[in-house]
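Scroll down for the structure; my scribbles are underneath it.
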Amino acid sequence: MQYADLLIETQGKVAVIRLNRPKAMNALNDNMMNELGDALRKFDADPAINVIVLTGSEKAFAAGADIAAMVNYSYPDTYTTDYIGRNWEHILDIRKPVIGAVAGYCLGGGCELAMMCDFLVAADSARFGQPEIKVGVTPGAGGTQRLPRAISKSKAMDMLLTTRMIDAAEAERTGLVSRVFPADKLMEEVVGIAQQIAEMPVSVAMQIKDCVNKAYDMTLTDGVRYERRYFHAGFGTPAQREGMTAFLEKRKPNFEGL
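Structure (structure tokens):
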């Protein structure tokens, strides 16, 4: 895959997508988001890939949406073309696990894109923020919705209204990110995590992802029932037979192709 605003590589069953607009601190524009949707869909359909990592540069995951592209938009421009909705949310349709690896600035639309990943791993250099109020608009890609769910209403209100950035340590304490590593070890560590997941049965990983996402849309009772249907359906599948047999035989399971 060749793109203007992305760098792509694969390491075994892991695909790494790197946002690549260095002169703009990876500010998100239409072309980048169109390319990102294309790359995500292709890897989601590729049987050789089990896990996707989305990252940026050492200086910035993404410093926000491209304000230079937005400054002269009118309400009809944004509403009739479904700005953001038309090409920012392809990541939400990806069924395989997507890990966000964040170093440097992760602000505004960049923070919103990161929060669309299944979980985040951060470098100790990472800085998260939602400063949209400074440029006269609200967040538009989930900043007022996903951030409170991740870190609490109080913390989110503080960040959204004051534009205060939080560092990686605070992001981990509040639950926005799952792990923090030294900046020079970030990609080595996140690819290692991705490879660990990639050795599991991808079919079950996709089911777990579906169940966890449903937890935010259902009552607890309905969510547990939804989960249990997957649990019941797993019996008799190749993944279940291999996993449980390997456990009883005290060997490493081989989930290749499952």
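Residue 50 in this note's numbering is what sits at position 60 of the sequence shown, and the numbering runs on without skipping anything.
Cβ atoms here follow ideal geometry from the backbone N, Cα and C, with glycine treated the same way.
DSSP three-state assignment for residue i, whether helix, strand or coil
i	result
Tyr65	helix
Ile156	strand
Leu166	coil
Phe171	strand
Ala113	strand
Thr235	helix
Thr45	strand
Asn24	helix
Thr227	coil
Glu79	coil
Phe33	helix
7 Å Cβ cutoff, residue i in contact with chain B
i	result
Leu151	You won't find chain B in this structure, because it holds only one protein chain.
For residue i: DSSP bridge partner residues
i	result
Glu(-1)	Val6
Gly130	BP columns for Gly130 are empty, so no partner.
Ala50	Tyr95
Ile89	Val43 and Phe109
Ala55	Leu18
Member of the options whose CA lies at the smallest distance from the CA of residue i
i	options	result
Val6	Met15, Ser193, Leu44 and His80	Leu44
Asn203	Ala140, Thr128 and Ala52	Ala140
Met23	Asp36, Tyr(-7) and Thr164	Tyr(-7)
Lys124	Gly2, Met149, Glu160 and Ala223	Met149
Ile198	Ala159, Pro121 and Ala223	Ala223
Lys49	Ser115, Lys3 and Glu102	Ser115
Asp83	Val170, Asp108 and Ser193	Asp108
Arg76	Asn40, Asp20, Ala52 and Ala93	Asp20
Gly126	Ala229, Lys13 and Val61	Val61
Ala195	Gln230, Gly130, Gln120 and Gly99	Gln230
Asp34	Leu26, Arg85 and Ala58	Arg85
His80	Gly27, Pro12, Val181 and Val111	Gly27
Residue range of the beta strand (DSSP E) that includes residue i
i	result
Cys96	Tyr95 to Leu97
Arg117	Arg117 to Gly119
Cβ neighbour criterion (16 or more within 10 Å) applied to residue i
i	result
Glu246	exposed
Pro66	exposed
Gln186	exposed
Lys143	exposed
Phe118	buried
Start and end residues, alpha helix (DSSP H) containing residue i
i	result
Ser193	Val192 to Lys204
Asp212	Leu210 to Ala223
Ala38	That residue, Ala38, is in no alpha helix (DSSP H); it is neither H nor E in DSSP.
Leu176	Leu176 to Ala188
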